[in-house]
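Residue 2 is where the sequence shown starts when you use our numbering, and the numbers rise one by one after that. We put the beta carbon where it would ideally sit given N, CA and C, even for glycine. Just so it is clear, the structure is predicted and the values come from calculations on it, not from any experiment.
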Amino acid sequence: MTAQPMQSSPDDPSEILRLLPAKWHEQFLSEYHGALDAAHEVWRFQQLRDVLHLWRLRAVAYSGPGFDDALQATREDRPDEFVSAEQAIPGWPDRL
């Protein structure tokens with residue numbers, strides 16, 4: 002039997018940090034450590050998985066080209082420069 006390299010999970014904290022822009026590292030690490038501490042209670046383990054998954058999704062979005070410009074457009078209420086959730090996600094208004 003030969004040793005195979007371990008494949009990392011997309012929700013691996015080191016992978017999230019690698020992808021995540023540096024300005025978000027402190028917030029991610031704070032939330033990660035909080036969830037990690039909480040995971041000592043067995044019934045709160047899912048919280049750690051949820052935090053990692055959410056931050057992986059954020060890392061993908063935050064590292065995308067144009068994210069900062071799109072964020073600024075939403076803050077300045079320039080809807081011609083972004084697509085609203087109502088337009089992008091079928092059934093979004095029904096979820097509220």
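Cβ atoms of residue j and residue i: under 8 Å apart, would you say?
i: valine 52; j: alanine 36; result: yes
i: serine 64; j: leucine 21; result: yes
i: histidine 54; j: aspartate 12; result: yes
Return the chain-ordered list of same chain residues with a C-beta closer than 8 Å to the C-beta of residue i, the five sequence neighbours on each side being excluded.
i: glutamate 82; result: Asp70, Ala71, Ala74
i: serine 10; result: Glu16
i: phenylalanine 68; result: Ala62
i: arginine 50; result: Asp12
In its own chain, which residues sit with a C-beta less than 7 Å from the C-beta of residue i, not counting the 5 before and 5 after it?
i: glutamate 87; result: Trp93, Pro94
i: proline 14; result: Tyr33, Leu53
i: proline 66; result: none
Return the CA-CA distance between residue i and residue j, expressed in angstroms with no decimal places.
i: glutamine 48; j: glutamine 28; result: 16 Å
i: phenylalanine 46; j: alanine 39; result: 7 Å
i: arginine 76; j: histidine 26; result: 22 Å
i: tryptophan 44; j: lysine 24; result: 32 Å
i: leucine 78; j: arginine 59; result: Looking at the sequence shown, residue 78 is not leucine but aspartate. Taking the straight line joining both Cα atoms gives about 21 Å.
Can you give me the Cβ contacts of residue i inside the same chain, cut-off strictly under 6 Å, excluding the 5 residues immediately before and after it?
i: arginine 135; result: With the chain covering only 2 through 97, there is no way to say anything about residue 135.
Please confirm if the region 60-74 is in contact with the region 87-94, defined as three or more CB-CB distances below 8 Å between the two stretches.
no
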